[in-house]
Amino acid sequence: MAGVNIKELVSKKNPMTEGHRMCPGCGAPTALRQAFMGIDSPVVVVGATGCLEVSTTVYPYSAWRVPFMHVAFENAGAAISGVEAAHKVLSRRGLARADIKFVAFGGDGGTYDIGLQSLSGALERGHDFTYICYNNQGYMNTGAQRSGATPRGASATTSPAGSAIPGKLQRAKNLTEIAVAHDIPYVAQTTLHNPADLIAKVKRAVETPGPAFVNILVPCQLFWKIEAADQAKICRLATDSRFWPIYEVADGEYSLSYDPHARVGAEDFLRAQGRYSHLFKKGRERMDLVEQAQNDIEAEWGKLLKKCGRALS
Amino acid sequence: MTSGNLAFAEAMRQINPDVVAAYPITPSTEIPMKFAEYVADGVVDTEYVAVESEHSAITACVGASVAGGRVMTASSANGVALMHEIFPIAASFRAPIVFGLVNRCLGAPVNIHCDHSDSMPERDSGWVQIYCEDAQEVYDTVLLAVRLAEHDDVLTPVFVCQDGFITSHCYEPVEFLPDDVVKEFVGERKSRYPLLDVDNPVSYGSFTMSEHYFEIKRTQIEGMNNVPRVYGGVMSELSGLTGREYPAVDCYRTDDADYVIVIMSSAAGVVKDVTDELRRGGVKAGCLRVRMFRPFPSEELKSALAGKKGVAILDRSASIGGTAPLAAEAKSALYSLRDHPPISEYIFGLGGRDFFPDDARRVFSDLASGENEGKVNYIGLLEDE
Chain A
1 MAGVNIKELV
11 SKKNPMTEGH
21 RMCPGCGAPT
31 ALRQAFMGID
41 SPVVVVGATG
51 CLEVSTTVYP
61 YSAWRVPFMH
71 VAFENAGAAI
81 SGVEAAHKVL
91 SRRGLARADI
101 KFVAFGGDGG
111 TYDIGLQSLS
121 GALERGHDFT
131 YICYNNQGYM
141 NTGAQRSGAT
151 PRGASATTSP
161 AGSAIPGKLQ
171 RAKNLTEIAV
181 AHDIPYVAQT
191 TLHNPADLIA
201 KVKRAVETPG
211 PAFVNILVPC
221 QLFWKIEAAD
231 QAKICRLATD
241 SRFWPIYEVA
251 DGEYSLSYDP
261 HARVGAEDFL
271 RAQGRYSHLF
281 KKGRERMDLV
291 EQAQNDIEAE
301 WGKLLKKCGR
311 ALS
Chain B
1 MTSGNLAFAE
11 AMRQINPDVV
21 AAYPITPSTE
31 IPMKFAEYVA
41 DGVVDTEYVA
51 VESEHSAITA
61 CVGASVAGGR
71 VMTASSANGV
81 ALMHEIFPIA
91 ASFRAPIVFG
101 LVNRCLGAPV
111 NIHCDHSDSM
121 PERDSGWVQI
131 YCEDAQEVYD
141 TVLLAVRLAE
151 HDDVLTPVFV
161 CQDGFITSHC
171 YEPVEFLPDD
181 VVKEFVGERK
191 SRYPLLDVDN
201 PVSYGSFTMS
211 EHYFEIKRTQ
221 IEGMNNVPRV
231 YGGVMSELSG
241 LTGREYPAVD
251 CYRTDDADYV
261 IVIMSSAAGV
271 VKDVTDELRR
281 GGVKAGCLRV
291 RMFRPFPSEE
301 LKSALAGKKG
311 VAILDRSASI
321 GGTAPLAAEA
331 KSALYSLRDH
341 PPISEYIFGL
351 GGRDFFPDDA
361 RRVFSDLASG
371 ENEGKVNYIG
381 LLEDE
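So this is what it looks like as structure tokens:
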């Protein structure tokens with residue numbers, strides 16, 4: 001964790017209190033805690049409907065030590081736009097502090113799917129805010145349904161692995177690239193086993209004027225069917241297999257943040273999770289789908305390296 | 001000379017709200033268009049958020065209002081319907097947004113003209129609803145609405161409704177107050193729990209189950225119940241400046257009337273003209289225009305209509321399979337009278353079908369003959385020609 005003083009970071013007050021109602025082992029509070037370590041200014045937070053929102057705001061309590069607003073599921077982008085617009089006027093008139101930063105978060109359901117239009121509008125209009133997608137690759141708040149972020153082959157409750165259909169048949173959409181296509185100043189993809197990377201990216205996102213988007217892969221142990229303690233391990237497998245590349249795009253310039261020295265195959269990543277267990281069932285193995293996952297990874301990795309100006313390795 | 005839309009935009013210019021987030025839809029588009037010119041010319045210092053949908057328009061308005069700003073927007077028809085999800089959230093956040101609702105019918109079939117099928121489905125969203133007869137009333141009501149919505153005892157968003165095209169696009173003389181008078185009348189918004197107060201953080205939109213949800217709704221109901229009292233005070237203050245009065249119900253020659261038509265918005269003008277004409281012929285006609293639909297002025301209706309020989313309730317929207325909205329409210333109000341007057345119901349003007357003096361004459365003559373009592377009748381259908 002070069003350049004990061006752990007002692008300093010852990011002494012920072014977490015905007016989220018203890019005692020919220022997220023599941024033990026959930027990656028989302030870990031991701032948020034790390035994200036807030038990258039923010040030194042006062043912050044106003046808007047959350048889309050989802051596990052994190054519901055579990056941190058159970059009335060009459062709130063786990064938020066900073067101003068927090070949730071409006072609905074599909075509109076965190078628009079909600080933060082309104083808050084940020086009001087801030088421009090009110091800070092001009094001396095009615096609000098000028099140094100406030102604005103952060104919106106949503107799960108992949110609220111970001112990839114139902115909230116995509118609202119997010120796109122906010123990015124296009126150029127509001128000064130950071131959108132954090134905590135991406136657990138499905139609808140967890142309603143019980144592990146498939147989303148546009150669910151990878152091919154995963155079994156979800158609305159794309160269950162059955163005897164005729166082996167889980168989700170479609171690939172996940174690449175939302176990070178969709179954000180990049182908005183030509184905004186900063187876009188990043190990361191995950192949470194390497195806090196230095198996550199913290200640095202959120203710091204850069206928040207300190208960059210204009211809209212920024214950070215896509216964080218966050219395990220859900222109930223959906224991914226992993227041990228609660230394996231949060232970091234599974235994130236490492238995701239990056240070492242290049243299933244979830246870690247990179248950033250600043251002012252249109254791509255740079256790879258992590259090129260695994262010791263690569264692991266897609267199979268290792270898939271085998272580590274119960275949501276793919278149907279692919280490895282004795283006598284009914286679907287190694288063709290495992291191979292397809294590997295091919296998908298190679299194809300995406302190739303495209304990404306090209307954008308980063310690096311030779312295929 | 002100006003139009004209802006431009007009168008609304010002029011009031012906005014004078015109010016100089018902190019944030020306007022809007023999306024174009026006929027016939028309300030002129031309001032944000034005109035206002036965008038004011039922003040572009042630096043006439044106002046509002047942040048104008050040109051969002052990508054009506055859903056985002058009302059959401060951004062909620063965000064800006066909760067942040068502590070004074071916020072306005074406008075929409076119509078399908079735009080209003082797309083916002084539907086967010087209206088109760090705005091009301092529950094006690095976000096005092098002032099909204100120019102330019103009435104247009106809901107598709108399908110697609111039609112850009114006036115009826116009240118867009119605003120009526122929002123009558124239970126927790127917003128105040130005021131329906132204006134003409135452009136002057138639109139202008140005055142916007143000023144009233146800001147004070148009413150932001151009053152600490154109310155803190156409830158307000159729809160200022162006007163009839164699409166009929167009021168929004170027709171030009172008529174409108175008297176404007178001087179800018180400084182408006183500025184002083186509306187004052188500055190003082191938000192009690194602004195989201196931008198980082199030193200005193202608050203959470204909005206929490207997850208609230210059966211233990212507390214009911215109580216929160218109850219406080220909204222109380223806020224709405226305070227509207228008539230607060231409105232009365234704000235209205236008399238404004239009428240001291242303008243000389244114009246806008247009670248919750250506009251009773252035109254109803255005091256000694258035998259027969260009364262109950263109606264809303266621009267069509268009341270037609271009924272008032274016919275009332276005068278019939279009066280000259282010795283028929284004791286009257287017109288009761290319901291201006292405030294939420295909260296519904298039941299007591300005013302009861303006292304104005306008790307003892308009449310016939311009352312016709314004319315709705316510009318239907319509740320398919322049920323009683324039309326105005327008729328349902330009016331009948332419910334009159335029910336508690338020991339001897340309520342004979343009541344007949346009419347549906348008129350759907351999709352912008354014109355409402356002519358002859359239509360009003362026919363209703364008054366029906367009332368005198370009592371022939372349509374207790375029935376739901378239609379005005380101006382092609383099949384009746």
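As you go down the protein sequences, you meet chains A and B in turn.
Quick note: the first sequence uses our numbering, first residue 1, plus one each step.
Quick note: the second sequence uses our numbering, first residue 1, plus one each step.
Yeah, the Cβ is synthetic: ideal placement off N, Cα and C, and Gly gets one too.
Check	Outcome
Does the beta carbon of A/I132 come closer than 8 Å to any beta carbon on chain B?	no
Relative to the C-alpha of B/E85, which candidate in B/Y48, B/W127 and B/G107 has its C-alpha closest?	B/W127
When burial is assigned at 16 or more other CB atoms within 10 Å of the CB, is A/P29 buried or exposed?	buried
Once you ignore the five residues that flank A/V83 on each side, which residues in its own chain have a CB closer than 8 Å to its CB?	V44, V46, M69 and F102
Buried or exposed: which applies to A/T17, given that a residue is buried once 16 or more other Cβ atoms fall within 10 Å of its Cβ?	exposed
DSSP three-state label for B/Q162, please.	strand
So A/A149 packs on A/G106, CB below 8 Å; how close in whole Å?	With 8 Å as the limit, A/A149 and A/G106 do not qualify as a contact, their Cβ atoms being about 11 Å apart.
Is the distance from the Cβ of A/T314 to the Cβ of B/S206 below 8 Å?	Because residue 314 of chain A is not part of the residues shown, which for chain A are 1 to 313, the question remains open.
Cutting at 7 Å between CB atoms, please list the residues of its own chain near B/F59, excluding the five before and the five after it.	Here residue 59 of chain B is Thr; the residue named in the question, Phe, does not match the sequence. Contacts found: I86.
Contact between the region 62-80 of chain B and the region 187-205 of chain B: three or more CB pairs below 8 Å?	yes
Using a Cβ-Cβ cut-off of 8 Å, state whether A/S257 counts as contacting chain B.	no
Alpha carbon to alpha carbon, how far is A/L9 from A/K281?	44 Å
Which of the three DSSP states is assigned to B/F293 in this structure?	strand
Using the C-alpha atoms, what's the distance from B/H55 back to B/M83?	5 Å
Quick check on this structure: which residue in A/P166, A/K303 and A/Q221 has the alpha carbon closest to the alpha carbon of A/L289?	A/P166
Whole angstroms is fine: what's the gap from B/V363's alpha carbon to B/A312's?	7 Å
Taking CB distances under 8 Å as the criterion, tell me whether A/S88 reaches chain B.	As written in the sequence, residue 88 of chain A is Lys, which differs from the Ser given in the question. A/K88 counts as touching chain B.
Measure the beta-carbon distance from B/V62 to B/E122 and round it to whole angstroms, keeping in mind my assumption that it falls under 8 Å.	B/V62 to B/E122, Cβ: 15 Å. No contact.
Are the CB atoms of A/R171 and A/A156 within a distance shorter than 8 Å?	no
By alpha-carbon positions, which one of A/L304, A/A293 and A/N136 ends up nearest to A/L169?	A/A293
Alpha helix (DSSP H) containing A/C235: first to last residue?	Q231 to D240
Can you tell me which of the three DSSP states B/N103 falls into?	strand
Give me the residue from B/A306, B/L288 and B/L301 with the minimum Cα distance to B/E133.	B/L288
Does any residue of chain B bring its CB to less than 8 Å from the CB of A/S62?	yes
Mind listing, in chain order, the continuous alpha helix (DSSP H) runs of no fewer than 4 residues lying wholly within the region 84-155 of chain A?	116-125
Do A/A238 and A/W244 count as a contact pair if the criterion is CB distance below 8 Å?	yes
In the DSSP assignment, find the unbroken beta strand (DSSP E) run with B/N377 in it and report its ends.	V376 to Y378
Do A/Q98 and B/D18 have their C-beta atoms within less than 8 Å of each other?	Gln is not the amino acid found at residue 98 of chain A; the sequence shown has Ala there. For A/A98 and B/D18, no; Cβs fall outside 8 Å.
Report the option in B/M224, B/A330 and B/L148 whose CA atom is closest to the CA atom of B/V249.	B/A330
So what does A/C23 bridge to, in DSSP terms?	Answer by DSSP bridge pairing: none, since A/C23 is not bridged.
If contact is defined by three or more beta carbon pairs under 8 Å, each pair taking one atom from either stretch, is the region 188-206 of chain A in contact with the region 303-311 of chain A?	no
Can you pull the DSSP bridge partners for B/A389?	Because residue 389 of chain B is not part of the residues shown, which for chain B are 1 to 385, the question remains open.
Measure from the C-beta of B/D152 to each C-beta in chain A and report whether the shortest distance is under 8 Å.	no
If we ignore side chains and look at the alpha-carbon of each, how far apart do B/S168 and B/Y23 end up?	17 Å
CB B/S76 to CB B/D45, shorter than 8 Å?	no
Alpha carbon to alpha carbon, how far is B/K284 from B/K272?	12 Å
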